[in-house]
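First residue of the sequence shown? That's 10 in this note's numbering, and the numbers climb one at a time after it. No residue lacks a Cβ here, since even glycine has one placed at the ideal position from N, Cα and C. Here the structure is a predicted model, which is why all the values come from computation and not from measurement. Report on one structure; see the data block that follows.
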Amino acid sequence: MKRLCLFSLALACSFSAWCQQAAVTRIDPTNWWTGMKNPNLQLLVYGQGAGAMTFSVNYPGVKLVKTTRVENGHYAFLDLVISKTAKAGMVTIAGKSGAETITRLYELKARTAEHKGSGISSADLVYLIMPDRFSNGDPSNDRFEGMADAAVDRNSPYLRHGGDFKGIGNHLDYL
C-alpha cells in the first residue's frame, strides 16, 4: 500500500510538472510591417511561463534589444528594432526555458500603399459615458428605498455623483 501511495504521488507530481511546461500561445500584435518610420516594435508574448524564458530573434535586419518581464509570469515584452534593410518574411522568435526551446514564427509584411492608413477621423472614435459621472438631470432619482449606497457627493470620487439619462439628454449638444 505504501508503494502504491508513493507511486501515485510521484505520478501526480510528474503530471503536474508536465502540465506546467513553458509555452508561447500568443504574440501581439499578430504581425508587423517593414519600412515603418519608427523602427521600434514591442511584442507582447503570452504563454505558460513565458515571463521566465530567455528570448532570441533570428532574422536579418531584426534585432532584439530588450526583454521586459512582469509580475505575472505568463507575459514578457520583447523590444525589437526593425532596420530599413529588413525584408518581409517569417521571423523566428525562440524562447528558452531550461533545456527546452520553443520557437514561433512571426510575420513581417511588406508595407505597401494600402497599409499607410488614412489617419484618425471621427469614424475611429467612440465616446463612452459613465452616466453617474456625466450630469445629474433629475435629482429626484438620486435616492430610493433600499438603496445601499445612498450618499451622493460630486466632490468625492468614491461616492455616487447622481448622473442619469436625463442629464445626458440635457447635454446632447455637447456630445
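Backbone secondary structure at residue i - three-state DSSP
i    : result
N81  : coil
R152 : coil
G98  : strand
D88  : strand
Y183 : coil
I177 : helix
W27  : In this prediction, W27 has a pLDDT of 44, which is less than 50 and means its spatial position is unreliable; nothing more can be read from the coordinates.
S165 : coil
R120 : coil
D133 : helix
N141 : According to the sequence shown, residue 141 is Asp rather than Asn. Reduced to three states, the DSSP call for D141 is helix.
L20  : Bear in mind that the predicted position of L20 carries a pLDDT of just 46, short of 50, making it too unreliable to give a figure here.
L15  : Unreliable placement is indicated for L15, whose pLDDT of 49 sits below 50; no coordinate value is reported for it.
Of the residues the options, the one placed nearest residue i, counting alpha carbons only
i    : options               : result
W41  : K96, K175, S144       : K96
F174 : A108, K46, I138, S131 : I138
G172 : D141, G98, V100       : D141
R113 : A119, R120, G44, I102 : I102
K105 : F64, T43, D162, N49   : F64
P166 : P148, F143, G178      : F143
V79  : Y68, A61, V90, D37    : A61
S131 : L184, Y84, G155       : L184
A32  : E109, D151, I129, T43 : E109
R177 : D147, T77, R163       : The amino acid occupying residue 177 in the given sequence is Ile; Arg does not appear at that position. Of the listed residues, the one whose Cα sits closest to I177 is D147.
H180 : L168, N145, P69, P38  : N145
T76  : V90, P69, G70         : V90
P69  : Y84, M45, G98         : G98
8 Å contact criterion, which residue i and residue j should meet: CB distance rounded
i    : j    : result
L87  : Q57  : Not a contact, Cβ separation roughly 17 Å.
L117 : V135 : About 30 Å; that fails the 8 Å criterion.
Per DSSP, the bridge partner or partners of residue i
i    : result
N49  : V90
Y68  : V71
G104 : F64, I111
D37  : L53
T76  : L87
C-beta neighbour in chain C for residue i, strict 8 Å
i   : result
G98 : Note that chain C does not occur in the displayed structure, where there is just one protein chain.
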